[in-house]
Amino acid sequence: MPENYSNIFIKDIMTQDVIAVKEDDPVEHIFELFNKYHFNTYPVIDNEGKLKGIIDQDIMLEIIMFHCIPCTKHTHMAAVRSLGESAIEIMIPHPVTISPDEKLQDAADMMLKHHINRVCVVENDKLVGIISKKSIISELYKRKEVEWWSIFSCCC
Numbered sequence: 004m005p006e007n008y009s010n011i012f013i014k015d016i017m018t019q020d021v022i023a024v025k026e027d028d029p030v031e032h033i034f035e036l037f038n039k040y041h042f043n044t045y046p047v048i049d050n051e052g053k054l055k056g057i058i059d060q061d062i063m064l065e066i067i068m069f070h071c072i073p074c075t076k077h078t079h080m081a082a083v084r085s086l087g088e089s090a091i092e093i094m095i096p097h098p099v100t101i102s103p104d105e106k107l108q109d110a111a112d113m114m115l116k117h118h119i120n121r122v123c124v125v126e127n128d129k130l131v132g133i134i135s136k137k138s139i140i141s142e143l144y145k146r147k148e149v150e151w152w153s154i155f156s157c158c159c
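Each residue of the sequence shown is one higher than the last, beginning at 4 in our numbering.
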């Protein structure tokens with residue numbers, strides 16, 4: 004990233020009002036959230052706001068498709084998830100996280116390394132925000148102090 008962007012911190016651009024799923028929320032409620040808000044991923048939190056996992060579109064699609072796919076094509080996780088009744092039973096535990104005090108560049112690097120579109124932002128194990136590739140791109144685009152050509156000349 005250009006030198007001018009090296010001092011942008013995650014806390015400065017992260018989304019703080021995150022729609023999260025409680026670990027005991029029923030699967031039906033989670034389907035409603037996916038339909039209503041159209042996000043790709045929802046963090047799963049406990050009653051204290053601590054991040055426990057994430058639920059993404061792939062998981063929900065696995066659950067929907069489980070009964071439509073011949074048994075020989077099921078993965079073990081698809082079978083287990085299809086029996087889940089609550090968020091904690093279907094979530095992906097131990098999601099990739101980052102601190103709000105980390106730099107924007109660190110979040111971008113992490114997303115590219117792990118092939119993910121967003122990272123949960125945590126402080127003392129509690130969910131405090133979320134940052135996405137889209138929010139990083141939007142922030143960099145908004146900052147006009149660097150010409151676009153310099154973004155491409157900083158690498159290589």
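All C-beta atoms, glycine included, are put in the ideal place defined by N, C-alpha and C. If you're wondering where the values come from, they're calculated on a predicted model, not measured in any experiment.
### Message
By the DSSP assignment, the beta strand (DSSP E) with Lys55 in it spans what residues?
### Response
Leu54 to Asp59
### Query
Between Gln108 and Gln60, what straight-line distance do the alpha-carbon atoms span, to the nearest angstrom?
26 Å
### Task
Determine the closest residue to His97 out of Glu105, Pro46 and His118, with distance taken between C-alpha atoms.
Pro46
### Query
Among residues of its own chain, excluding the 5 on either side of Lys53, which ones have a beta-carbon nearer than 6 Å to its beta-carbon?
Asp128 and Lys129
### Query
Taking Cβ to Cβ, would you say His99 is nearer than 8 Å to His117?
Note on residue identity: the sequence assigns Val, not His, to residue 99. In this structure, His117 lies closer than 8 Å to Val99 by Cβ.
#### Entry: Helix, strand or coil at Ile101 [DSSP, three-state]
strand
### Query
Since Ile139 and Ala111 are thought to touch, with beta carbons under 8 Å apart, how far apart are those beta carbons, to the nearest angstrom?
5 Å
#### Entry: Burial state of Glu126 (16 or more Cβ within 10 Å)
exposed
### Query
Is Met4 helix, strand or coil by DSSP?
Since pLDDT at Met4 reaches only 46, below the 50 mark, its modelled position is unreliable, and no value is offered.
### Query
If Ile58 sits next to Val24, beta carbons under 8 Å apart, how far is it from one beta carbon to the other, in whole angstroms?
6 Å
#### Entry: Straight-line Cα distance separating Ile101 from Ile66
29 Å
### Query
Expressed to the nearest angstrom, what Euclidean distance is found between the alpha-carbon atoms of Met94 and Phe69?
16 Å
### Message
DSSP has Ser135 in a bridge; who is on the other side?
### Response
Arg121
### Task
Tell whether a beta-carbon distance below 8 Å holds between Ile16 and Glu105.
no
### Segment limits, alpha helix (DSSP H) that includes Val30
Val30 to Tyr40
### Task
Compare the C-alpha of Glu1 against each of Ile48, Ser135 and Pro103 and name the closest.
Residue 1 falls outside the range modelled here, since the chain spans only 4 to 159, and no answer is possible.
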